[in-house]
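Data first, discussion second: the structure below is written as structure tokens.
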């Protein structure tokens, strides 16, 4: 059998990333952030959620290493930590595209 998971030590990290993007709101957030840096306020409006709920989802994405959060004055901005996640999500999305 082909070793598709690489190093055994990577399994928990990969599982954490997959879990982080498995929620519809977080998946949408990653896609929005991937389109370019976005403020927390704009992200909250775009996912049609409360500030608190959006912040909680954002922290989970940050803890999974998917986004970087930075504060400028009193605003919070986020961007993708590693653009390769966008390629992975695009590939998965294409699997389900109507043909």
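Numbering (the working numbering), first residue to last: 3 to 101. Glycine included, each C-beta is placed from N, C-alpha and C at the ideal position.
Q: Give the DSSP-derived three-state secondary structure of residue 52 in the structure shown.
A: coil
Q.
Applying the 10 Å Cβ sphere with the 16-neighbour rule, what's the burial state of residue 97?
A. exposed
Q) For residue 32, which beta-bridge partners are listed by DSSP? A) According to DSSP, residue 32 bridges with nothing at all.
Q: Compare the Cα-Cα distances from residue 56 to each of 34, 46 and 75 and report the closest residue.
A: 46
(Q) Let me check understanding here. Comparing Cα to Cα, which of 38, 86 and 18 lies closest to residue 79? (A) 38
Q: Round the Cβ separation of residue 68 and residue 19 to the nearest angstrom and send it over; I've been treating them as touching at under 8 Å.
A: 7 Å
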